[in-house]
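*Asks:* Starting off with a structure, shown below.
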Amino acid sequence: MQMSPTIRWIIRLIAMQVVILSVGSGLLVWFARVAW
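Under the numbering used here, think of the first position of the sequence shown as 85, with each following residue one higher.
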């Protein structure tokens, strides 16, 4: 099945958002532990 470039771009955008959110939450947890 051929994926349209728009769908591929949307999937990439969502993947980037998930990675940024996971990394950001991980950094927040680590920073909270260090601060406390």
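Every residue, glycine too, gets a C-beta built ideally from N, C-alpha and C.
1. Within the same chain, show all residues whose beta-carbon is closer than 6 angstroms to that of S109, passing over the 5 residues directly before and after it, in chain order.
2. Tell me whether W120 sits in a helix, a strand or coil according to DSSP, three-state version.
3. Helix or strand or just coil, what does DSSP make of M87?
*Replies:* In terms of the structure at hand:
1. none
2. coil
3. coil
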